[in-house]
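Before any comments, here is the structure.
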Amino acid sequence: MAFRKTISANCSMSSSISRPSSKTRLAGCRTDKTMRLKTLLTAGLLAGACVGGAQAGSVRAADPASFTDFFFDEGYPAQLSTDAVGDPYIEFRYNDITMPLWFYDCSDHAACQSVQFYFAYQLDEPIALEKLNEWNGEDRRFTRAYVIDDGTLRLEMDVFTGEDGISGRDFKSLLSLWLDRLTEFEDYIGW
Numbered sequence: 049m050a051f052r053k054t055i056s057a058n059c060s061m062s063s064s065i066s067r068p069s070s071k072t073r074l075a076g077c078r079t080d081k082t083m084r085l086k087t088l089l090t091a092g093l094l095a096g097a098c099v100g101g102a103q104a105g106s107v108r109a110a111d112p113a114s115f116t117d118f119f120f121d122e123g124y125p126a127q128l129s130t131d132a133v134g135d136p137y138i139e140f141r142y143n144d145i146t147m148p149l150w151f152y153d154c155s156d157h158a159a160c161q162s163v164q165f166y167f168a169y170q171l172d173e174p175i176a177l178e179k180l181n182e183w184n185g186e187d188r189r190f191t192r193a194y195v196i197d198d199g200t201l202r203l204e205m206d207v208f209t210g211e212d213g214i215s216g217r218d219f220k221s222l223l224s225l226w227l228d229r230l231t232e233f234e235d236y237i238g239w
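Add 48 to the 1-based position in the sequence shown for our numbering, that's all there is to it.
Here's what the structure looks like:
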């Protein structure tokens, strides 16, 4: 039986990470509709661009600490933990929003090959599948959006790092792409 990795929506960095067996809760801690993520993301990216500095080393899913090092080097507090099945898991904070980074394709809870950015929303009104298909059909090939049985809307982006990893500079570009897509998606769904 495959499990979907999730976290609770209490927006706190905790070591109690679980994969529920039948019900999925919100992840990514997006519960405040009044705060506009777009403004925060833009401010954070501009601040990061102004600071500059040395590029972080490479990141590898097989070395989860390389991701926490990357996030700290970029100014995002991060916490490395394990999920309910023992795989590595990171929560990082970006402008007071907790975001998960899941590790996949692991051998015995180590030597992972990929990571996944993930965010979930509970909408007041269900979104039309045609609207999601339109989002997924646009020029957004690295992210995907879908709805699960309980109506939770998910946005995900997978990153394969392989054995050798990817450069900190390339991962920074992927993180920027993820944050841009997250902002675009929130605008698209009227969050």
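Backbone N, C-alpha and C fix where the C-beta goes; we use that ideal spot for every residue, glycine too.
All figures in this text were calculated on a predicted structure; none of them were measured in a lab.
- In the DSSP assignment, residue 113 falls outside any beta strand (DSSP E) and within the unbroken alpha helix (DSSP H) covering 112-121.
- Boundaries around residue 150 are those of the beta strand (DSSP E), 145-152, since no alpha helix (DSSP H) includes it.
- The beta carbon of residue 174 is closer than 8 Å to those of 195, 199 in its chain, skipping five residues each way along the sequence.
- In the displayed model, residue 219 falls within a helix according to three-state DSSP.
- The three-state reading of DSSP puts residue 208 in strand, counting E and B together.
- Each residue's CA atom was taken as its position, placing residue 145 and residue 161 some 26 Å apart.
- Taking the C-beta atoms as reference points, residue 213 is found nearer than 9 Å to residue 109.
- In the structure shown, residue 232 falls within a helical segment according to DSSP collapsed to helix, strand and coil.
- Cα atoms of residue 169 and residue 141: separation of roughly 18 Å, rounded to the nearest angstrom.
- Residue 203 places its beta carbon less than 9 Å from that of residue 192.
- Take the alpha-carbon of residue 153 and the one of residue 236: they are about 31 Å apart.
- Residue environment for residue 126: buried (at least 16 other C-beta atoms within 10 angstroms of its C-beta).
- In the three-state DSSP reduction, residue 196 falls in the coil class, being neither helix nor strand.
- Between residue 112 and residue 136, the gap from beta carbon to beta carbon is short of 9 Å.
- One Cα belongs to residue 231, the other to residue 180, and the distance between them is close to 15 Å.
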